[in-house]
Ligand code: KG4
Ligand code: ZN
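Numbering (my numbering), first residue to last: 495 to 832.
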């Protein structure tokens with residue numbers, strides 16, 4: 495059994511999975527309401543709340559899985575990327591749990607977790623496959639040959655797709671988190687009512703969303719308050735269409751260039767109903783298998799961290815005691831170094 499902890503942002507998560515990839519439990523204590531009044535995650539508040547609930551969340555995960563710590567063979571934990579204080583809480587707890595029993599520990603790249611979320615039972619994706627990870631902090635396309643790693647094919651050069659949803663929603667006065675709000679409003683709107691830019695920088699598979707947000711800002715100024723209020727649904731639908739179009743365009747390009755037969759999507763934006771509809775249609779048309787896992791596996795969770803840990807070499811006790819959390823890791827670090 496693998497016990498995994500994930501505390502990279504504002505959700506305290508613990509999960510137990512079997513070596514075969516069956517999810518025995520997947521517990522998430524969300525801090526959403528705590529941060530809502532600030533319109534975004536406040537790092538210090540997130541760390542403190544993780545500290546308060548991480549033990550209870552871990553016990554809950556073990557209880558729901560009907561196992562005890564004696565049944566656990568290895569402990570996995572998110573090492574990064576994420577909020578450093580938040581990461582440290584999970585890492586310290588995981589070290590303590592593992593060290594107390596002399597268990598091995600597996601440090602996991604959070605983004606690797608998102609990439610392999612679709613490899614869990616009951617419907618694991620076969621390799622090789624392509625994967626879109628689009629969340630509030632990250633947006634990239636990857637190719638997976640071996641489950642122990644992934645190759646980044648392209649990534650956003652500025653804002654993440656979820657960030658574009660969140661910032662757009664704030665401009666439209668739709669509250670936080672913005673993705674679900676825009677998704678909801680867009681259902682009653684006309685996606686062709688306004689034209690927003692689809693930025694596809696370069697020949698490769700990179701993306702960019704910061705221009706889109708600026709273009710919404712200018713459009714709202716031009717329209718004026720009354721008109722904006724009257725056409726909020728049209729604005730939400732058109733803005734959402736621009737994000738989905740850009741993602742879908744790069745995905746289609748990746749499928750063609752990489753000759754992909756299977757595509758997985760993950761990250762909070764994978765919950766977007768328009769994205770699911772568009773990708774569903776296009777994949778059906780081109781005979782590509784689409785894995786859009788249940789929402790609980792798309793948003794931050796510890797089952798995906800355990801999924802990645804199945805394929806990584808664990809560090810024996812006491813080697814991992816000196817391990818540090820890393821605010822940047824994976825493609826994040828690559829981009830920072832570039
Ligand atoms: O993966 P996630 O839960 O947390 C991280 O950022 O790691 O993703 C959260 C992001 C937020 O930006 C939120 O607005 C977006 O996912 N999101 C959505 C939807 N549900 C959540 N974006 C578009 N449509 C949705 N239905
Ligand atoms: Zn995430």
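Glycine included, C-beta positions come from ideal geometry on N, C-alpha and C.
Neighbourhood of residue i by C-beta distance below 8 Å, restricted to the same chain and skipping five residues each side
i, result
"residue 701", "633, 648, 649, 650, 651, 655, 693, 694, 695, 740, 741, 744"
"residue 817", "573, 585, 589, 599, 601, 809"
"residue 467", "Outside the shown range of the chain (495 to 832) lies residue 467, about which nothing can therefore be said."
DSSP-derived helix/strand/coil call for residue i
i, result
"residue 792", "helix"
"residue 659", "helix"
"residue 602", "strand"
"residue 539", "helix"
"residue 503", "coil"
"residue 709", "helix"
"residue 687", "coil"
"residue 510", "strand"
7 Å CB neighbourhood of residue i in its chain, flanking five on each side removed
i, result
"residue 713", "688"
"residue 547", "506, 523"
"residue 665", "710, 711, 714"
Residue i CB to nearest heavy atom of the ligand KG4 below 7 Å
i, result
"residue 600", "no"
"residue 554", "no"
"residue 575", "no"
"residue 671", "yes"
"residue 765", "yes"
"residue 777", "no"
"residue 656", "yes"
"residue 641", "no"
Near the ligand ZN: residue i beta-carbon under 7 Å from a heavy atom
i, result
"residue 794", "yes"
"residue 629", "yes"
"residue 526", "no"
"residue 606", "no"
"residue 761", "yes"
Own chain, CB closer than 6 Å to residue i, minus 5 neighbours either side, in chain order
i, result
"residue 663", "672, 675, 676"
"residue 617", "none"
"residue 685", "731, 732, 735"
"residue 787", "611, 612"
is_contact[residue i, chain B] using C-beta, thresh 8 Å
i, result
"residue 782", "No chain B appears in this structure, which consists of one protein chain only."
Notebook entry, point to check: Any contact of the segment 560-580 with the segment 753-764, i.e. 3+ C-beta pairs under 8 Å?
Noted result: No: fewer than three Cβ pairs fall under 8 Å.
Margin query: With three or more beta-carbon pairs closer than 8 Å as the criterion, would you say the segment 724-737 touches the segment 604-616?
Written below: Contact between the segment 724-737 and the segment 604-616 is absent, with fewer than three C-beta pairs closer than 8 Å.
Margin query: Quick test of the definition: if touching needs 3 or more C-beta pairs under 8 Å, does the segment 711-730 touch the segment 770-778?
Written below: Segments in contact, no.
Note to self: Within 8 Å, do at least three Cβ pairs link the segment 516-531 to the segment 584-597?
What the structure shows: Touching, no.
Next item on the list: Count the CB pairs spanning the segment 639-648 and the segment 530-539 that are closer than 8 Å, and state whether there are at least three.
Entry: The segment 639-648 is not in contact with the segment 530-539.
Checklist line | Given 8 Å, three or more beta-carbon pairs between the segment 718-727 and the segment 746-761 | finding: No, the segment 718-727 does not touch the segment 746-761.
Margin query: To test your reading of the DSSP string, which unbroken beta strand (DSSP E) runs of 3 or more residues are found completely within the segment 761-817?
Written below: Look at the segment 761-817 and you find these whole runs of beta strand (DSSP E), each 3 residues long or longer: 783-785.
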